[in-house]
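Residue numbers (this note's numbering): 3 to 216. Beneath this line is the structure, given in structure tokens, with notes to follow.
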Amino acid sequence: MGTWSAGSFGNDTALDFARALNSFAALDRHLRKAARQSGEMDAEHAATALAACDILAAMIGRPAEDVPEMTKLADAPAAKDVPRDLLRVARNLVKQLRKGSELAELWEDDADEWHEALDDLQARLTPSRPYHTSSKPKREALPDDFLGYCYICYGQVTERNGLLFEHTVFGGTNAFYPHRKCIEDQIPGPHWASDGAPLPATRAKLLRDMGIED
3 MGTWSAGSFG NDTALDFARA LNSFAALDRH LRKAARQSGE MDAEHAATAL AACDILAAMI
63 GRPAEDVPEM TKLADAPAAK DVPRDLLRVA RNLVKQLRKG SELAELWEDD ADEWHEALDD
123 LQARLTPSRP YHTSSKPKRE ALPDDFLGYC YICYGQVTER NGLLFEHTVF GGTNAFYPHR
183 KCIEDQIPGP HWASDGAPLP ATRAKLLRDM GIED
């Protein structure tokens, strides 16, 4: 999971979830299912759960600074009609993930930054808490062909300058979004086939960066 910030949308998994979400009903189900999960939640499920909480906060007019461009949910209620019990579910879910999740363990070395992001999310999920839109800078629009953020330099990756590299193992899929130039700077060429796919040496490098030996 490529990560570049402590915010809910500071990782590839959360952005993929936000882009794929197509209904409020699906958001509702995702939050309630995550809240019912027993035991420690793995990092990817925790990331999508926090993204779902942040999308809910945006629906009541209290978005994060880095909330991504999303397709409008056709069945989305007005802000005043968002179920208050669902907001409670989301707030409790944030507390649950803070106390025990694989994501909390991954942020252990930078716990203050992560906890600050969670505190902000909790406040935005609480309509009675202050929220000042004037302090929110205007978000930079993402390109139409945006794929994600480069795991090497953390810059924006588009279809023009990079690629989505996926590898499925044991039923799970790992994904990276490298800039082609970043890869080319790290290993000798040739790097790409005529259709743009990685050649064997390039593929092996990407797999090593995922922690997988081909």
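Where is the CB? At the ideal position from N, CA and C, for every residue including glycine.
8 Å CB neighbourhood of residue i in its chain, flanking five on each side removed
i, result
"W194", "R182, P200, L201, T204"
"I57", "A20, L23, L29, V69, M72"
"E161", "D147, L149"
Residue of the options minimising C-alpha distance to residue i
i, options, result
"A119", "P129, V96, A28, D14", "V96"
"F178", "L165, K82, K35, D187", "L165"
"P180", "P190, E168, G191", "E168"
"S40", "P79, L99, A60, V84", "L99"
"T15", "R38, A37, E46, A8", "E46"
"C55", "E186, Q188, T128, Y156", "T128"
"L17", "L209, Y151, D83", "Y151"
"S248", "H117, H32, K82, S25", "Within the shown structure, residues of the chain are numbered from 3 to 216, placing residue 248 beyond reach of any answer."
"A125", "S196, D187, P65, R38", "P65"
Collapsed DSSP secondary structure at residue i in the structure displayed
i, result
"W6", "coil"
"S137", "Because the pLDDT of S137 is 43, which lies under 50, any placement of that residue in the model is unreliable, and the number read from its coordinates should be weighed accordingly. In the structure shown, S137 sits in a helix (DSSP, three-state: H, G or I)."
"L52", "helix"
"Q39", "coil"
"N13", "strand"
"N94", "helix"
Exposed unless 16 or more other CB atoms sit within 10 angstroms - verdict on residue i
i, result
"N13", "buried"
"V171", "exposed"
"I62", "buried"
"G191", "exposed"
"D87", "exposed"
Beta-carbon contacts of residue i that lie in its chain and below 6 Å, excluding the five residues immediately before and after
i, result
"D211", "none"
"L105", "A45, A48"
"P145", "T160"
"L52", "S10"
"K207", "I189"
Same chain only: Cβ atoms within 7 Å of residue i, ignoring 5 sequence neighbours per side
i, result
"R34", "V91"
"P139", "Interpretation of P139 is limited by its pLDDT of 45, a score under 50 that renders its predicted location unreliable; the figure taken from the coordinates is listed afterwards. The residues are E67."
"E42", "G102, S103, E104"
"D197", "none"
Opposing strand residues paired with residue i [DSSP bridges]
i, result
"M212", "Paired residues: none, contrary to the question."
"W194", "P200"
"A28", "DSSP, once it has assigned bridges, lists no residue as partnering A28."
"R176", "One detail in the question is off: residue 176 reads as Asn in this sequence, not Arg. In the DSSP output, where bridge partners are listed per residue, N176 has H169."
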